[in-house]
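Working notes for the structure below.
There are 2 protein chains.
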Amino acid sequence: MQTKKPTLVQGTRDFGALEVFKRNYLVDTIRAIYEKYGFLPLETPTLEYLATLTGKYGDEGEQLLYKVLNSGDFLAGVDAPTTDYKTLLPQIATKGLRYDLTVPLMRYVAMNKEALTFPFRRYQIQPVWRADRPQKGRYREFYQCDTDIVGADSLLCEAEILVMIHEVLRQLGVKEFSLHINHRGILKGLAALAGAADKEQALCMALDKLEKVGKEKVVEELQRRGFTPAALEKLAFLFALPTAQAARWTLLSTQLASAAAGTQGLQDLQKIMRYVEALGLENHAITLDPTLARGLSYYTGTVFEVKIKGQAGSIGGGGRYDGLTDIFGVAGITGVGFSFGLDRLYQVLEALALFPATVGKTTQVLIANLDPSSETWALRVLAALRAHHIRAEIYPEPVKLKKQLQYADKRQLPWVAIIGEAEQAAGMVMLKNMQTGGQQEHTLVQLLQKLS
Amino acid sequence: MQTKKPTLVQGTRDFGALEVFKRNYLVDTIRAIYEKYGFLPLETPTLEYLATLTGKYGDEGEQLLYKVLNSGDFLAGVDAPTTDYKTLLPQIATKGLRYDLTVPLMRYVAMNKEALTFPFRRYQIQPVWRADRPQKGRYREFYQCDTDIVGADSLLCEAEILVMIHEVLRQLGVKEFSLHINHRGILKGLAALAGAADKEQALCMALDKLEKVGKEKVVEELQRRGFTPAALEKLAFLFALPTAQAARWTLLSTQLASAAAGTQGLQDLQKIMRYVEALGLENHAITLDPTLARGLSYYTGTVFEVKIKGQAGSIGGGGRYDGLTDIFGVAGITGVGFSFGLDRLYQVLEALALFPATVGKTTQVLIANLDPSSETWALRVLAALRAHHIRAEIYPEPVKLKKQLQYADKRQLPWVAIIGEAEQAAGMVMLKNMQTGGQQEHTLVQLLQKLS
């Protein structure tokens, strides 16, 4: 058989031990806090019917959906040969890979409406797949950490989520972050203010790129999309917002005074801020950002996004949505949700050197395998170590001690227990400290005490 | 837009909170023990190139591989229209879903040979996908919990894994299980004994069905596959094995005396048993089973399988393999591995009622939302509870108390904290025990103590 050098699928990764430990540390931290806030876990399948997935992510998103070929002779039921892939596609593929965690949640809520207790607080930490062009820091398989409250329109929900985001980041040691908040009402109000109430979508799409492309390019795009000089004049204040939060709130409230939707949006945000304060959050990192639009058009109320100082892009975002289950035949459900991007968060912690040094749980002691005659004692020591919850292993073959020490060294194991005939005869264990190179003899009881 | 009742892809499942908690309990238990035995985690991508996956699982397995359509216009590069799916397939799909955890491990070892430290002890707990016909207890997406020692041929590795399997099952509370062991050498010896050395594969395939179809059907199949009456006479003892282990070992050793491969296999198993004993395993559940063949043809030495008393099928299995990385251009690597089927294990724990009652971590206390005027105190209490690591939530809207109590009841929350104007004025909290219905007033300090 031909032998080939195997490769990873572009945009996917293997995670070795240390990476898995670090990722689990993140997941465990997030999970514990989500649960403390009353959220319970949900997991949905990797495969969903394309009927569930399509029509939810826009044309661009649809392109990025991974489609899975039907099993067996997938051409058996095809009407007529075609060279048009769009005609062929629905005939040969009915399933796709999970693209986000929101649509599966909506599918789940629609299917289990009668059994669920509303408001339904769930979290979900699972991978999603997107056939994106791979680039630095962007992957085709990545984890999202979603949390949603479905079936409640109180703004207290938003406040709880904002406080929870602070708790997660602070527990992870991330200090310099900002939590941008905005409201669809404000964006609607801004469009109205510019006399372009019909161009709210265009305004959102242009503003969405502000951080990436800068003010000039956004203004150019707005001009192209038909915003008049007078309209742009009205919106000019967006590009020179005061940094002081109090001044921002005042400015927005003045500017939007004549736009009902904007005023309502701002009042909602103010109410959220009062709740956040009542929840006792100190030194919050919330910043009012009327230019925050977020791509997903399904948000209908608040929107928020978390940014890390000195890092481009966001590490998470969310907002309020109405009627997301309508398409599945369940009307009138409102919800609010947030999602951390696990891989982005990982990169941030790595960049800021915030992973605890103790996060990897490597083997504590290697038992060197010296010769078959002392094996009985060596195996007894091994069993005793494990019975005392000490992570231990024995080198499987009695090769040269030097080779075994090299193994321990490469794997960065802190201790090697050397057990030869002399140790067996005396019922002792020679323990070598791999950092200092020093070694000392112990009884089994002393050894267990030392390593426990 | 058309609204449709959404459905799950056949053979896949949603996991609600309690199921996730139970599954995590299993994974956490297995993971901790695997780590205690010196294994470290690895995670590989869901998507692998079909070049990596194909040619490894036999014709039947190949049929069950999920193939993922190439992105964009997947027909663009197709040579000529065809109605033969086997011709079209490699032109429109280059990726597939992970089918097991062994081939990805081999791919990983081949790709990272230089950086890895051998013997390489890794565990991997991830889902795999198979386009199997869904049936009771069989799913298209299911989790495997693999553990392997790659690059060591000492039989001590087998012994360690056998002891570890005992520890996992005992820690989970599973008492009545049996760990069947066999050796490819024994199967080879049996074929030789029957004068059918060339029919070892046929013998394995027939014996593999013994538990499912019974002795008569196996004998019929062997006859069909060309085993003579004289040959079947030689193998007759396999269908009437003594239950006592000592008698079994003696019988096998007598029967296989003239078959070199069989004698060698048996000696290997005896050595493993001595190691198991030296490791101090008490009341082991290991049973010598010369009829254990296991479907996977890549095993070259020991094979083992775990069965639960009173439950059909196995909950895990493994064995030793040689040269699994040959196909990836890395020769001469031997290894031994084992895998628990998480879903089968889940079913067993459920059937035996072995999941601890405390496995679900639901919200401990719901704060009832009585009226906006007492909200300040309610939110302060909520924040204090969470600051003391108590899982707490507030009902997001001030609806009728009855409705909020119904919510707590349905979600089986143990406590509801009732905070109205009177409580706010007095700085107290009325705590209702949802099980007894009784309620009692507490100061915040008392509340925190009671629920901590």
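As you go down the protein sequences, you meet chains A and B in turn. Going by our numbering, the first sequence opens with residue 837, and the numbers climb by one from there. Going by our numbering, the second sequence opens with residue 837, and the numbers climb by one from there. Yeah, the Cβ is synthetic: ideal placement off N, Cα and C, and Gly gets one too.
Handout entry: Contact with chain A by Ile985/B, beta-carbon distance below 8 Å
Key = yes
If distances are taken between C-alpha atoms only, which option among Pro1208/A, Glu950/A, Gln1260/A, Gly1168/A comes closest to Lys1236/A? Selected option, being the one with the closest Cα: Pro1208/A.
Next on the checklist: Within a Cβ cutoff of 6 Å, which residues of the same chain sit near Ile1226/A, ignoring the five residues on either side of it in sequence?
Outcome noted: Excluding positions up to five away in sequence, the list reads Gln1200, Leu1287.
query: Cβ of Gly1168/B versus every heavy atom of the ligand COA: is any distance shorter than 7 Å?
result: Summarising the ligand content, the structure contains no ligands, and the ligand COA is consequently not present.
Pick out the complete beta strand (DSSP E) segments inside the segment 1007-1084 of chain B, 3 residues or longer, and give them in chain order. Fully enclosed beta strand (DSSP E) runs of no fewer than 3 residues occupy 1013-1019 of the segment 1007-1084 of chain B, in order along the chain.
* Asked: Within this structure, are the beta carbons of Leu1185/A and Leu1008/A separated by less than 8 Å?
  -> yes
If you draw a straight line from the alpha carbon of Thr1064/B to that of Val1049/B, how long is it in whole angstroms?
21 Å
Quick one: grab the DSSP three-state call for Tyr944/A. helix
My guess is that Gly852/B and Leu941/A are in contact by the Cβ rule of under 8 Å, so how many angstroms apart are they, rounded?
That belief does not hold up - the Cβ atoms of Gly852/B and Leu941/A are roughly 12 Å apart, past 8 Å.
For Lys972/B, the nearest candidate out of Ile1017/B, Thr848/B, Glu1036/B, Ile928/B (CA to CA): With respect to the C-alpha of Lys972/B, the residue from Ile1017/B, Thr848/B, Glu1036/B, Ile928/B having the closest C-alpha is Thr848/B.
Helix, strand or coil at Arg1222/B [DSSP, three-state] | helix
* Measuring alpha carbon to alpha carbon, tell me which of Lys1238/B, Tyr1157/B, Arg958/B ends up nearest Cys981/B. => Arg958/B
So the alpha helix (DSSP H) Ile1144/B belongs to, where does it begin and stop?
Careful: Ile1144/B lies outside any alpha helix (DSSP H), inside the beta strand (DSSP E) at 1135-1144.
Less than 8 Å between the beta carbons of Thr1194/A and Arg1247/A, yes or no?
no
| message | Under 8 Å, Cβ to Cβ, is there at least one residue of chain A near Val1217/B? | response | Not a single C-beta of chain A is nearer than 8 Å to the C-beta of Val1217/B.
Exercise. Between which two residues does the alpha helix (DSSP H) carrying Thr848/A extend?
Worked result: Where Thr848/A is concerned, there is no enclosing alpha helix (DSSP H), given that its DSSP letter is neither H nor E.
Among Gln1081/A, Leu933/A, Arg943/A, which has the Cα closest to the Cα of Asn906/B? Leu933/A
List the DSSP bridge partners of Gln1276/A.
Leu1267/A
Report task. Could you pull the start and end residues of the alpha helix (DSSP H) that Lys1246/A belongs to? Result -> 1237-1246
Q.
With distance defined between alpha-carbon atoms, name the residue in Asp1034/A, Thr930/A, Gly1021/A, Phe875/A nearest to Phe956/A.
A. Of the candidates Asp1034/A, Thr930/A, Gly1021/A, Phe875/A, Phe875/A places its Cα closest to the Cα of Phe956/A.
Looking at the C-beta of Thr865/B, does it have a partner C-beta in chain A at a distance below 8 Å? Cβ-Cβ to chain A under 8 Å: no for Thr865/B.
Within 10 angstroms of the Cβ of Glu1056/B, are there 16 or more other Cβ atoms? Answer buried if so, exposed if not. exposed
Whole angstroms are fine: how far does the CA of Tyr1243/B sit from the CA of Arg969/A? 45 Å
Q: Identify the continuous alpha helix (DSSP H) that holds Gln931/A and give its terminal residues.
A: Reading off the sequence, residue 931/A comes out as Lys, not Gln. From DSSP, Lys931/A is part of no alpha helix (DSSP H) but of the beta strand (DSSP E) over 931-933.
Rounded to whole angstroms, what is the Cα-Cα separation between Thr1090/A and Phe857/B?
50 Å
Under the three-state DSSP convention, the category Ile1207/A falls into: It should be pointed out that residue 1207/A corresponds to Asp in this sequence rather than to Ile. Residue state, collapsed to three classes: coil.
* To do: Measure the C-alpha to C-alpha separation of Leu854/B and Leu1178/A and round it to an integer number of angstroms.
  => 24 Å
**Item:** Best match in Leu1124/B, Thr1099/B, Met1109/B for proximity to Leu1117/B [C-alpha to C-alpha]
**Value:** Met1109/B
message = One question on the structure: do Leu1105/A and Leu1092/A come within less than 8 Å of each other, judged by their Cβ atoms?
response = no
Checklist line | Near-chain B residues of the segment 1162-1175 of chain A (beta-carbon distance less than 8 Å), N- to C-terminal order | finding: Those residues of the segment 1162-1175 of chain A that come within reach of chain B (Cβ to Cβ, closer than 8 Å) are Asp1162, Ile1163, Phe1164, Gly1165.
Extent of the continuous beta strand (DSSP E) to which Thr1170/A belongs | 1170-1177
TODO: Use the C-beta contact count for Gly1152/A: other C-beta atoms within 10 angstroms, 16 or more gives buried, fewer gives exposed.
DONE: buried
Less than 8 Å between CB atoms is the rule here; does Glu977/B satisfy it with respect to chain A? yes
Going by DSSP, what residues sit across from Leu1289/B in a beta bridge?
Given that chain B is displayed from residue 837 to residue 1288, the structure contains no residue 1289/B and the question cannot be resolved.
Under 7 Å (Cβ pairs) to chain A, residues found in the segment 1235-1253 of chain B:
Tyr1243, Lys1246, Arg1247
Compute the distance between the beta-carbons of Thr1138/A and Glu994/A, then report whether it is under 8 Å. Yes, Cβ-Cβ distance for Thr1138/A and Glu994/A is below 8 Å.
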